[in-house]
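Residue numbers (our numbering): 34 to 338. Every residue gets a Cβ at the ideal spot worked out from N, C-alpha and C, and that includes glycine.
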């Protein structure tokens, strides 16, 4: 089976890991990405997306079994051609944000729709395959905290809270994370540091997961946040608001908290840091390994093609 991948970010780690897992199952890929750079505080212009149309129309004529469009903004290009079946994967912000109308308009024109969580399916109100991004359990696994802290230069005599996003991404709600950590810092004997970690090689992210004492998620909305699943795989405790599939992922996981109010987040983070214990999240992470999610996506491909 030969698949044309359309994406706004050809380097997205979870997409590329998923594709590698599918390649091990005999699928081959060609990839087209929207031109231009994008980061947490900028976006591509409409002109760059318009220029993407002819590239997709031309490439789609080359005998692919299906087109897999990742993220709602690639949907219009995928459905503009009518000769090849289309799978559209929605990632989260393209359902809970200004791009939602584009995603909704494209959804009924696609042969299969993939979303990251049951909450996304409910929000869209239509039939979808719920397949969250999977985690590479070989890459993300527990390691000694002291070794990880030494590798990245963190103080072993402090508590470290990981916020794995740029503060410029408004949907991640960095001000709330800063507010929560400031409050907890006044409640504990050891200093508490909030680390914003982004734009680092993905291969180094496990070091940060293993060096931290907790991951803090304060997003306004999410689909199936990859950082939470990475933390689970490394047995890193998670303190998070109830967004996306976070509550589902953290159900039954020790030393992790789902909360809504600032007071509950502060108390939850305080308890987690005072305990000094890791979680048992890796058992849950095994249910969402990249190998398992690749098997489920392959079933979608076979139905469509």
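Cα separation between residue 235 and residue 50?
Here residue 235 corresponds to residue number 202 of the chain shown, with the count starting at 1. Here residue 50 corresponds to residue number 17 of the chain shown, with the count starting at 1. Pairing residue 235 with residue 50, the inter-Cα distance amounts to about 11 Å.
On a Cα-Cα basis, can you pick out the residue from 338, 330, 335 that is closest to residue 162?
Looking up residue 162 in the chain shown gives position 129. The shortest Cα separation from residue 162 among 338, 330, 335 belongs to 330.
Between residue 102 and residue 90, how many whole angstroms is the CB-CB distance? I'm expecting something under 8 Å.
For the purposes of this step, residue 102 is taken as the residue at position 69 of the chain shown. For the purposes of this step, residue 90 is taken as the residue at position 57 of the chain shown. Their Cβ separation, rounded to whole angstroms, is 13 Å, which puts residue 102 and residue 90 out of contact at 8 Å.
Within the same chain, show all residues whose beta-carbon is closer than 7 Å to that of residue 58, passing over the 5 residues directly before and after it, in chain order.
To locate residue 58, count along the chain shown from 1; it is residue 25. Here the set comprises 327, 331.
Touching by the beta-carbon criterion (3+ pairs, under 8 Å), the region 161 to 176 and the region 251 to 267:
yes
If you reduce the DSSP assignment to three classes, tell me which class residue 126 lands in.
On the chain shown, position 93 is the one that residue 126 refers to. Correct three-state label for residue 126: coil.
Rounded to a whole number of angstroms, what is the C-alpha to C-alpha distance between residue 271 and residue 286?
Counting from 1 along the chain shown, the entry for residue 271 is found at position 238. Counting from 1 along the chain shown, the entry for residue 286 is found at position 253. So the two alpha carbons sit approximately 9 Å from each other.
Contact belief for residue 254 with residue 125 at Cβ below 8 Å, rounded distance in angstroms
Counting from one through the chain shown, the residue named residue 254 turns up at place 221. Counting from one through the chain shown, the residue named residue 125 turns up at place 92. Right, the Cβ-Cβ distance comes to about 7 Å (below 8 Å), so this counts as a contact.
For residue 159, count neighbouring C-beta atoms within 10 Å of its own C-beta (all shown protein chains included) and say buried if the count is 16 or more, exposed if not.
On the chain shown, position 126 is the one that residue 159 refers to. Per the 10 Å Cβ criterion, exposed.
Contact set for residue 319: own chain, Cβ-Cβ below 6 Å, skip 5 residues either direction
Locating residue 319 in the chain shown gives position 286, where the first residue counts as 1. Same-chain partners within the cutoff: there are none.
Selected residue, minimal CA-CA separation from residue 195, among 239, 117, 203
On the chain shown, position 162 is the one that residue 195 refers to. For the residues 239, 117, 203, the minimum Cα distance to residue 195 belongs to 239.
To the nearest angstrom, report how far apart residue 302 and residue 86 are at their CA atoms.
Counting from 1 along the chain shown, the entry for residue 302 is found at position 269. Counting from 1 along the chain shown, the entry for residue 86 is found at position 53. For residue 302 and residue 86, the gap between their C-alpha atoms comes out near 47 Å.
Closer than 7 Å, CB to CB, is residue 199 near chain C or not?
As a matter of chain content, chain C is missing from the structure shown, which is built from one protein chain.
Measuring only the C-alpha atoms, how far is residue 74 from residue 229?
Numbered from 1 along the chain shown, position 41 holds the residue referred to as residue 74. Numbered from 1 along the chain shown, position 196 holds the residue referred to as residue 229. The predicted position of residue 74 is uncertain, since its pLDDT is 43 and thus under 50; a value taken from the coordinates is nonetheless stated next. Each residue's alpha carbon lies about 15 Å from the other.
Using a Cβ distance threshold of 8 Å, determine whether the region 186 to 193 contacts the region 206 to 223, with at least three qualifying pairs required.
yes
Look at residue 251 and residue 210 and say whether their C-beta atoms are less than 7 Å apart.
In the chain shown, the residue the question calls residue 251 occupies position 218. In the chain shown, the residue the question calls residue 210 occupies position 177. Taking 7 Å as the Cβ cut-off, residue 251 and residue 210 qualify as a contacting pair.
According to DSSP, what are the bridge partners of residue 40?
Position 7 of the chain shown holds residue 40. 66, per the DSSP bridge assignment.
What residue range is occupied by the uninterrupted beta strand (DSSP E) comprising residue 100?
As a position in the chain shown, residue 100 is number 67, starting the count at 1. Its beta strand (DSSP E) spans residues 99 to 103.
Residue ranges of each beta strand (DSSP E) run of no fewer than 3 residues wholly in the region 189 to 222, ordered along the chain?
Counting whole runs of 3 or more residues, the region 189 to 222 contains the beta strand (DSSP E) stretches 192 to 196.
Along the chain, where does the alpha helix (DSSP H) containing residue 133 start, and where does it finish?
Residue mapping note: residue 133 aligns to position 100 of the chain shown, counting from 1. Counting along the chain, the alpha helix (DSSP H) containing residue 133 begins and ends at 133 to 139.
Give me the Cα-Cα distance between residue 213 and residue 279, rounded to the nearest whole angstrom.
Reading the chain shown from its first residue, position 180 is the one you call residue 213. Reading the chain shown from its first residue, position 246 is the one you call residue 279. So the alpha carbons of these two residues sit roughly 19 Å apart.
Is residue 167 closer than 7 Å to residue 322 when the C-beta atoms are compared?
Taking the chain shown and counting its residues from 1, one reaches residue 322 at position 289. Taking the chain shown and counting its residues from 1, one reaches residue 167 at position 134. Yes, the pair counts as a contact, with Cβ atoms nearer than the cut-off.
Along the chain, where does the alpha helix (DSSP H) containing residue 292 start, and where does it finish?
One-based indexing of the chain shown puts residue 292 at position 259. Unbroken run through residue 292 is the beta strand (DSSP E), 290 to 292; no alpha helix (DSSP H).
Report the rounded CA-to-CA distance for residue 201 versus residue 233, giving the unit in angstroms.
Sequence index remark: in the chain shown, residue 201 carries index 168 (1-based). Sequence index remark: in the chain shown, residue 233 carries index 200 (1-based). If you take the alpha carbons of residue 201 and residue 233, they lie about 16 Å apart.
Pairwise C-alpha distance: residue 146 and residue 333:
Position 300 of the chain shown, counted from the first residue, corresponds to residue 333. Position 113 of the chain shown, counted from the first residue, corresponds to residue 146. If you take the alpha carbons of residue 333 and residue 146, they lie about 9 Å apart.
Suppose you measure from the CA of residue 34 to the CA of residue 97; what does that come to, to the nearest Å?
Numbered from 1 along the chain shown, position 1 holds the residue referred to as residue 34. Numbered from 1 along the chain shown, position 64 holds the residue referred to as residue 97. In a straight line, the C-alpha of residue 34 is about 8 Å away from that of residue 97.
Which one or two residues does DSSP pair with residue 61 in a beta bridge?
Taking the first residue of the chain shown as position 1, residue 61 is located at position 28. 35.
Paired residues, beta bridge with residue 229 - DSSP
Within the chain shown, numbered from 1, the residue matching residue 229 stands at position 196. Per DSSP, 196.
Give the single residue among 99, 81, 241, 44 whose Cα lies nearest to the Cα of residue 337.
As a first step, residue 337 must be located in the chain shown, where it is residue number 304. Of the listed residues, the one whose Cα sits closest to residue 337 is 99.
Whether residue 43 touches residue 63 by CB criterion (7 Å)
Counted from its first residue, the chain shown places residue 43 at position 10. Counted from its first residue, the chain shown places residue 63 at position 30. Cβ distance not < 7 Å, so residue 43 and residue 63 don't count as in contact.
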